[in-house]
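Single-structure report; data block below.
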Amino acid sequence: MATEQQQMKDQSNVIREKLTDRIQQLESGYNQDFGEILADVNALLISANHRDVQQVTNQMNLARLFDRFNALSVKDELFTEELLRVFGMFLESLPINDIFVKYNDQILQGLQSSNATIIDMWVQKVVKPLFTNEGLLKNISKSSVNIVPILTAVIELLPSQSTSIASASHDICVITAKIFRQEFFSPQILDCLKRLKTRHSQTEKDAEQFMIRFYELIVDIAASSQLLLDMLEANGLLMEMIENSQQKIDRDPLVALNIIKLLTDLASKPHGLDFVKNSTTLLPLIAKKIDNINEEDMLESLILPGCINFFVRIAQTNMSILLNEYPQVLNKLTEYCRQQRAGNTELQLLAIESAAFLCQQSEGKSSLADRMPIFLDTIIMMINGGHNDLKSRAISALNGIMQINGGDPGNKATELTQTWYDHLDSSGCGLDRFMKLVLEPFIDVRISAINFIRILSTSLWGQKLLSEYSGFLDYLLDRSTETCKQGREAKFEIVCELAMSPFIRLSFPPESVLRIRGYLKDGPINKEVNVAFETSSIGKNSYNAGNFFKMLQVIFMEFFQKFFLFIILLLLLLIFKILQKAKQFNASPNAVNFCAHESNEMWLNRNS
1 MATEQQQMKD QSNVIREKLT DRIQQLESGY NQDFGEILAD VNALLISANH RDVQQVTNQM
61 NLARLFDRFN ALSVKDELFT EELLRVFGMF LESLPINDIF VKYNDQILQG LQSSNATIID
121 MWVQKVVKPL FTNEGLLKNI SKSSVNIVPI LTAVIELLPS QSTSIASASH DICVITAKIF
181 RQEFFSPQIL DCLKRLKTRH SQTEKDAEQF MIRFYELIVD IAASSQLLLD MLEANGLLME
241 MIENSQQKID RDPLVALNII KLLTDLASKP HGLDFVKNST TLLPLIAKKI DNINEEDMLE
301 SLILPGCINF FVRIAQTNMS ILLNEYPQVL NKLTEYCRQQ RAGNTELQLL AIESAAFLCQ
361 QSEGKSSLAD RMPIFLDTII MMINGGHNDL KSRAISALNG IMQINGGDPG NKATELTQTW
421 YDHLDSSGCG LDRFMKLVLE PFIDVRISAI NFIRILSTSL WGQKLLSEYS GFLDYLLDRS
481 TETCKQGREA KFEIVCELAM SPFIRLSFPP ESVLRIRGYL KDGPINKEVN VAFETSSIGK
541 NSYNAGNFFK MLQVIFMEFF QKFFLFIILL LLLLIFKILQ KAKQFNASPN AVNFCAHESN
601 EMWLNRNS
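Below, the structure written as structure tokens:
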């Protein structure tokens, strides 16, 4: 044993010595045999354990080697895949914060390289992991390293043709603005941002692409917090973006498509909405745009969904803006659905999906109560007469409308959804229709229909419908109706909802409750599958952990209910026994004589 350990130790020493020697040869300026040396280094890095590599790279100063990597152009014959692998392994062998402190100049040089591959390597291996890790950043902040030069170089990568580099630049800037506010809003960084806006682009398309990236950065920083929004407003960057965006919305529909999405992200935050409402004219501008868009114009109609979504999203924060200040938006959506078959299908889908989004909150359900029959009629039309994709989207929208999220004070949302179901049922789109839809071959339609039944199972009135429907329980507990994992889990969700429902015993007979809870304990996969098939054996345990915990929850609930009932009965029995004993004691003549004797004794003692 000792001999083997010594051999391994000797082998590690040999590898470290060879690796050190080969790295020193790579650092030299001679290109002769460079490829052969590089191949040796690559082989040694692969064969050595991580500890040996880390020990070598920590002991050596790799600055000259990194300088040499940074200087290579794409066309250089030394620039190969093998070189990149070696470069990457060197970076991975060192702690990121050590690289940042020890090789800060090399990082900066690499970020300013003309070789996009070298830039991407530094960004993905060092800079992004460091700047997107708050713990590492706090360690860096305690060091003497100035992050402003690196941050400036990162910002200048925002217009990069490489999507990977540009995206990393954006992410780094957003998190740096949160953690290093003072550095990010320093004059040097602000000047860099302003220079980028005015930098000449080769083509108009490049200029527009960068403008969208730049505005996305401003919006994501402003949306992070009220403080960052105020700082961007104080520096003029935010207001300048808003003014330019307003001009683009009026003039360029294709660019406006992206800009409206960015403005929606800003306005959907409470502090962002306050700024948009009180400091800009965006709300009336976009509302006017909705009124004036020519729906027959292909380019103009492109931005209509974005404009409507703008108001729908901000309604989650402030419903009164949509209801009281800009009711024309809801009127527009209602009008699309009122046209029925004569209307534009895409606009009708926009209307019902917007209604579904608003109905995520109970306030939205109440606000749309008067208009809901019109939306439901459109959904019924699509379910009964549309193609499969249309059916699927219509049922998904209906699910969003019927789903009750969170609490329901006063059962108002429950009463509304029951009324809406009655409307569906009276139009031939009730449970009977959905029990046919759950058997359709098109999976998206089938899963959406199963989810609708799950939503019914969350309410007492819905459970009573399911309980009274002939054949429902046989379908639910028949594992053969679904062969795909998604379908099995969707059905199992219904079982979970019913089994854990506090009022299942009010809606289903006792034998049905036992069958449902028995199914829950067995899980969604048929236990009788032949174990000779490995995939089936795996499949039996493949249902997700969430369903497993739901099953455990039901079992524990049943146990504690029975245990609690047993304790109560035991206490009642004990109280009954005590009362019975007390009654017998009070009724006994000996007890009366005993009490009288004791009383006389006390009187005599007191007198004496």
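Here the sequence shown is numbered in the UniProt record's numbering, starting from 1 and rising by one per residue.
Here a beta-carbon is modelled for each residue, glycine too, at the ideal position from N, C-alpha and C.
Remember, it's a predicted structure, so these values are computed and weren't measured experimentally.
- Message: Going by DSSP, what residue range makes up the alpha helix (DSSP H) through HIS170?
- Response: On the sequence shown, residue 170 is found 170 positions in, with the first residue counted as 1. Taken as a continuous stretch (DSSP letters only), the alpha helix (DSSP H) holding HIS170 covers 163 to 179.
- Task: Within the same chain, show all residues whose beta-carbon is closer than 8 Å to that of ILE249, passing over the 5 residues directly before and after it, in chain order.
- Result: The residue you call residue 249 lines up with position 249 of the sequence shown. For ILE249, where only same-chain residues beyond five positions count, the Cβ hits under 8 Å are ALA256, ILE259, ILE260, LEU285, ILE286, LYS289 and ILE303.
- Message: Out of ILE140, SER164 and SER143, which one is the CA nearest neighbour of GLY122?
- Response: Along the sequence shown, one-based indexing puts residue 122 at 122. Checking the sequence shown, residue 122 turns out to be Trp, not Gly. Minimum Cα distance to TRP122 is reached at SER164.
- Query: Can you find at least 3 beta carbon pairs, one from the segment 439 to 446 and one from the segment 378 to 389, that sit closer than 8 Å?
  - Reply: yes
- Should LEU299 go down as buried or exposed, given a rule of 16 or more other Cβ atoms within 10 Å for buried? The residue given as residue 299 occupies position 299 in the sequence shown. Classification for LEU299: exposed.
- Top-ranked residue by Cα proximity to ILE175, from LYS205, ASN133 and SER507: Stepping through the sequence shown from its first residue, residue 175 is reached at position 175. Out of LYS205, ASN133 and SER507, ASN133 has the C-alpha closest to the C-alpha of ILE175.
- Tell me whether HIS50 sits in a helix, a strand or coil according to DSSP, three-state version. In the sequence shown, the residue the question calls residue 50 occupies position 50. Correct three-state label for HIS50: helix.
- Item | From ASP425, ILE293 and MET435, residue whose alpha carbon lies closest to that of ARG251 | Counting from one through the sequence shown, the residue named residue 251 turns up at place 251. Of ASP425, ILE293 and MET435, the residue nearest in Cα terms is ILE293.
- Within the present structure, is the beta-carbon of LYS491 separated from the nearest heavy atom of the ligand GTP by less than 7 Å? Here there are no bound small molecules, and the ligand GTP is not part of this structure.
- Three or more C-beta pairs closer than 8 Å, one from the segment 53 to 67 and one from the segment 89 to 107: is that the case here? yes
- Task: Under 6 Å Cβ to Cβ from PHE472, same chain only, skipping five residues before and after it: list those, please.
- Result: Residue mapping note: residue 472 aligns to position 472 of the sequence shown, counting from 1. Answer for PHE472: LEU466, listed in chain order.
- Query: Where does THR117 sit, in a helix, a strand or coil, going by DSSP?
  - Reply: Here residue 117 corresponds to residue number 117 of the sequence shown, with the count starting at 1. In this structure, THR117 counts as helix in the three-state DSSP scheme.
- Query: Beta-carbon separation of SER369 and LEU398 under 8 Å?
  - Reply: On the sequence shown, residue 369 is found 369 positions in, with the first residue counted as 1. On the sequence shown, residue 398 is found 398 positions in, with the first residue counted as 1. Checking the displayed sequence, the identity of residue 369 turns out to be Ala instead of Ser. It is not a contact, given that the beta carbons lie outside the stated cut-off.
- Task: With DSSP as the reference, label PHE87 as helix, strand or coil.
- Result: Taking the sequence shown and counting its residues from 1, one reaches residue 87 at position 87. Of the three classes helix, strand and coil, the one that applies to PHE87 here is helix, per DSSP.
- Would the beta-carbon of LEU38 fall within 8 Å of that of GLU92? As a first step, residue 38 is located in the sequence shown; it is residue number 38 there, counting from the start. As a first step, residue 92 is located in the sequence shown; it is residue number 92 there, counting from the start. Against a cut-off of 8 Å, the Cβ pair of GLU92 and LEU38 comes out as no contact.
- For TYR103, does the three-state DSSP call read helix, strand or coil? For this step, residue 103 is matched to residue 103 along the sequence shown. In the structure shown, TYR103 sits in coil (DSSP, three-state: anything other than H, G, I, E or B).
- Whose C-alpha, out of LYS178, PHE214 and LEU254, is nearest the C-alpha of SER227? Working through the sequence shown from its first residue, we reach residue 227 at position 227. Looking at the sequence itself, residue 227 is Leu, so the reference to Ser does not match. Taking only the C-alpha atoms, the option nearest LEU227 is LYS178.
- Can you say whether CYS484 is buried or exposed, counting buried as having 16 or more other CB atoms within 10 angstroms of its CB? Against the sequence shown, residue 484 aligns to sequence position 484. Classification for CYS484: exposed.
- Task: Compare the Cα-Cα distances from LEU130 to each of ALA166, ASP171, PHE90 and ILE118 and report the closest residue.
- Result: Start at 1 with the first residue of the sequence shown, and residue 130 comes out as number 130. Among ALA166, ASP171, PHE90 and ILE118, the Cα nearest to that of LEU130 belongs to ASP171.
- Going straight from the alpha carbon of ASP432 to that of SER268, what length do you get? To locate residue 432, count along the sequence shown from 1; it is residue 432. To locate residue 268, count along the sequence shown from 1; it is residue 268. Using only the alpha carbons, I get a separation of about 39 Å.
- Task: From the DSSP output, in three-state form, read off TYR215 for me.
- Result: Residue mapping note: residue 215 aligns to position 215 of the sequence shown, counting from 1. Looking at TYR215 - three-state DSSP - the assignment turns out to be helix.
- Query: If you measure from the beta carbon of SER28 to each beta carbon in chain B, is any gap under 8 Å?
  - Reply: Absent from the structure is chain B; it holds one protein chain and no more.
- Message: Which of the three DSSP states is assigned to GLN11 in this structure?
- Response: As a position in the sequence shown, residue 11 is number 11, starting the count at 1. In this structure, GLN11 counts as helix in the three-state DSSP scheme.
- Measure the alpha-carbon distance for ARG16 versus ASN42 and round it to whole angstroms. In the sequence shown, residue 16 corresponds to position 16, counting from 1. In the sequence shown, residue 42 corresponds to position 42, counting from 1. Between ARG16 and ASN42, the C-alpha separation is close to 13 Å.
- For LEU136, collect the residues of the same chain with a Cβ closer than 7 Å to its Cβ; drop the 5 residues on either side in sequence, then sort them by chain order. Start at 1 with the first residue of the sequence shown, and residue 136 comes out as number 136. Excluding sequence neighbours, LEU136 sits near ILE96, ASN97 and LEU130.
- Could you check the C-alpha separation between ILE314 and LEU273 for me, to the nearest Å? Here the question's residue 314 lines up with position 314 in the sequence shown. Here the question's residue 273 lines up with position 273 in the sequence shown. Taking the straight line joining both Cα atoms gives about 7 Å.
- Residue nearest to ARG393 in terms of C-alpha spacing, selected from ILE525, LYS18, ALA356 and GLU156: By 1-based counting over the sequence shown, the position of residue 393 is 393. Here the closest residue by C-alpha is ALA356.
- Buried or exposed: where does THR281 fall if 16 or more other Cβ atoms within 10 Å of its Cβ makes it buried? Taking the first residue of the sequence shown as 1, we reach residue 281 at position 281. Exposed, because fewer than 16 other Cβ atoms sit within 10 Å of the Cβ of THR281.
- Task: List the whole-angstrom C-beta distance separating LEU72 from ILE118, where the pair is believed to meet the contact cut-off of C-beta under 8 Å.
- Result: In the sequence shown, the residue the question calls residue 72 occupies position 72. In the sequence shown, the residue the question calls residue 118 occupies position 118. Confirmed, about 7 Å.
- Query: So is THR198 buried or exposed if we call it buried at 16+ other beta carbons inside 10 Å?
  - Reply: As a first step, residue 198 is located in the sequence shown; it is residue number 198 there, counting from the start. Classification of THR198: exposed, given that the 10 Å Cβ count is below 16.
- How is PHE533 classed by DSSP in three states: helix, strand or coil? Translated into positions along the sequence shown, residue 533 becomes position 533. Annotation note: pLDDT 35 at PHE533 (below 50); position unreliable, coordinate value reported separately. DSSP places PHE533 in coil when its eight states are reduced to three.
- Query: So, LEU190 versus ILE155, is the Cβ gap smaller than 8 Å?
  - Reply: Sequence index remark: in the sequence shown, residue 190 carries index 190 (1-based). Sequence index remark: in the sequence shown, residue 155 carries index 155 (1-based). Not a contact, by the Cβ cut-off of 8 Å.
- Message: Given this structure, state the Cα-to-Cα distance separating VAL101 from LEU322, to the nearest angstrom.
- Response: The count along the sequence shown starts at 1 and reaches residue 101 at position 101. The count along the sequence shown starts at 1 and reaches residue 322 at position 322. Roughly 52 Å between the two C-alpha positions.
- Query: Where do the N-terminal and C-terminal ends of the alpha helix (DSSP H) with MET334 fall, by residue?
  - Reply: Locating residue 334 in the sequence shown gives position 334, counting from the first residue. Looking at the sequence itself, residue 334 is Thr, so the reference to Met does not match. Element bounds for THR334: 327 to 338.
- Applying the criterion that 16 or more other CB atoms from any shown protein chain within 10 Å of the CB defines a buried residue, is THR203 buried or exposed? Position 203 of the sequence shown, counting from 1, holds the residue named residue 203. Classification of THR203: exposed, given that the 10 Å Cβ count is below 16.
- Quick one: what's got a C-beta closer than 7 Å to PRO327's C-beta in the same chain, skipping five residues either side? By one-based count along the sequence shown, residue 327 stands at place 327. Counting only Cβ-Cβ distances below 7 Å, and skipping sequence neighbours, we find nothing.
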